[in-house]
């Protein structure tokens with residue numbers, strides 16, 4: 001079922017990431033980590049649907065997406081980057097395979113962190129962050145989505161990995177790439193849940209490395 005919804009607010013999160021808040025239909029329900037198909041309610045764009053993850057919680061009075069904009073692609077995200085209050089988006093029913101199944105390590109690459117935003121917000125609201133950790137890989141510090149919020153929620157359990165510049169931050173910033181050697185060094189045990197989301201090559205590399213290090217394939221949570 002499709003819903004055409006007004007944009008209530010557009011906020012800049014980073015230099016190329018926007019937070020879009022929409023009106024929320026009655027009886028529209030989803031769980032943290034789920035996504036939906038989104039299209040722009042403009043001539044020529046209504047059939048151009050793309051998947052985006054809800055970053056709001058089901059209890060919020062709005063729907064929220066945090067979306068990375070690619071201006072050079074001349075595509076949907078470039079158009080989303082031009083959205084203003086009063087414009088409309090078309091969304092479908094929620095779907096998704098990423099859901100919280102228990103404490104573990106979350107590993108994200110760039111905009112792949114978006115399914116984890118609602119999960120961590122939900123856990124924080126319930127007081128159930130526990131021993132969950134987020135390892136977040138980005139090209140540079142300016143690319144870190146919701147850095148301050150993750151720091152507040154996770155503290156020392158929020159680890160940033162910077163791949164294309166020397167990080168200037170504190171001990172939570174690591175210079176390098178997330179590979180098998182990195183995982184072996186920074187993860188104490190592999191008998192836990194692992195939540196992985198990023199570009200396909202990132203996901204495949206991380207999943208293969210985790211399995212080689214002894215992670216239970218049934219404990220790996222990712223979008224297929």
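In full-length UniProt numbering, the protein residues as written are 1 to 224. Ideal Cβ placement from N, Cα and C applies to all residues, glycine included.
- Beyond the five residues adjoining it in sequence on each side, residue 24 comes within less than 7 Å, by CB distance, of 61, 62 and 63 in the same chain, given in chain order.
- With contacts defined by Cβ atoms closer than 8 Å, residue 93 and residue 7 do not form a contacting pair.
- 136 is the residue among 132, 5, 136 and 41 whose C-alpha sits nearest the C-alpha of residue 112.
- By the 16-neighbour rule on beta-carbons within 10 angstroms, residue 132 is buried.
- As summarised for the UniProt domain "FAD-binding FR-type" (1 to 101), the continuous beta strand (DSSP E) elements at least 3 residues long and confined to that stretch are 3 to 14, 17 to 23, 35 to 40, 50 to 53, 62 to 68 and 88 to 91, given in chain order.
- For residue 105, DSSP records a beta bridge to 133 and 194.
- Look at the beta carbons and you see the segment 116 to 128 touching the segment 142 to 157: at least three pairs across the two are nearer than 8 Å.
- Under the three-state reduction of DSSP output, residue 183 falls in the helix class.
- In the assembly as shown, residue 198 is a buried residue. Its beta-carbon has 16 or more other beta-carbons within 10 Å.
- Only exposed fits residue 11, as fewer than 16 other CB atoms lie within 10 angstroms of its CB.
- Nearest Cα to residue 196 within the set 181, 185, 188 and 215: 215.
- Residue 79 has its alpha-carbon roughly 11 Å from the corresponding atom of residue 48.
- In terms of CA proximity to residue 183, 212 leads the group 15, 212 and 164.
- Assignment of residue 213 by DSSP, reduced to helix, strand and coil, places it in the coil class.
- Within the model, the alpha-carbon separation for residue 130 versus residue 102 is close to 10 Å.
- Per the DSSP secondary-structure output, residue 138 pairs in a beta bridge with 162.
- Approximately 7 Å separates the beta-carbon atoms of residue 223 and residue 96; this is inside 8 Å, confirming the contact.
- In the DSSP assignment, residue 152 falls within the alpha helix (DSSP H) that extends over 147 to 154.
- Remark: C-beta atoms of residue 190 and residue 220 do not approach each other more closely than 8 Å.
- In the three-state DSSP reduction, residue 174 falls in the strand class (E or B).
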